[in-house]
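Numbering (the numbering used here), first residue to last: 43 to 198.
Okay, so here's the structure we're looking at.
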C-alpha cells in the first residue's frame, strides 16, 4: 500500500500540488508495514522543507529528525520511542487511523527484533495485542479479535 501512496505523492509533487503530496507521503509512511517498510524515498520526501510546512503540526513529522531508516542490528533504536510517542499523540488528538496504524507498525517491527532487544524496550507481544485490542474497542467500537465461526455465524 505504501508504494502506491508514495507513487501518488511523487506524481502530485511533480505537478507542484505540494500539500496533497505531503499528505500522500505521510499516508505512505502510515501504511501497513506488513506489505513493506516505507522506502527511503518516502523518508526523503517527508524531510523536504517545502512539504513539511503542510505537516508541521503532525506528531510524527515533529519527531522526524530523530527517526532513522532501518531496524534491527543495533542495541538501541530511537525509532521505537518515536513511533510510540507519535501514535499516542495521534490517538489523543482523535486521529485514530494514523495512531492505530503507527502502533501496529511499531509492533510489526518490534516483533522481528531479538528477545533481548524487546525486553530492553519493554515489548511483550501478548500485552501489545491486549492493548491494541482495547484501543480498537475504544476508538473503533470493535476489539478486532478473531471470533470462532459459531460466535459470528449469521442467524436469521
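Virtual Cβ for every residue (Gly too), placed ideally from N, Cα, C.
{"Item": "Entirely enclosed alpha helix (DSSP H) segments - the stretch 56 to 105, minimum 4 residues", "Value": "60 to 72, 82 to 89 and 91 to 94"}
{"Item": "Backbone secondary structure at residue 137 - three-state DSSP", "Value": "coil"}
{"Item": "Separation of residue 66 from residue 50, as counted between CA atoms", "Value": "7 Å"}
{"Item": "Contacting residues, own chain, Cβ-Cβ under 7 Å from residue 132 (five flanking each side not counted)", "Value": "101, 140, 141 and 144"}
{"Item": "C-beta contact flag for residue 64 and residue 106 at 8 Å", "Value": "no"}
{"Item": "Reference residue 85; option with closest CA among 184, 52, 178 and 56", "Value": "52"}
{"Item": "Alpha-carbon to alpha-carbon, residue 171 and residue 182", "Value": "15 Å"}
{"Item": "Selection from 81, 123, 179 and 92 that minimises the alpha carbon distance to residue 108", "Value": "123"}
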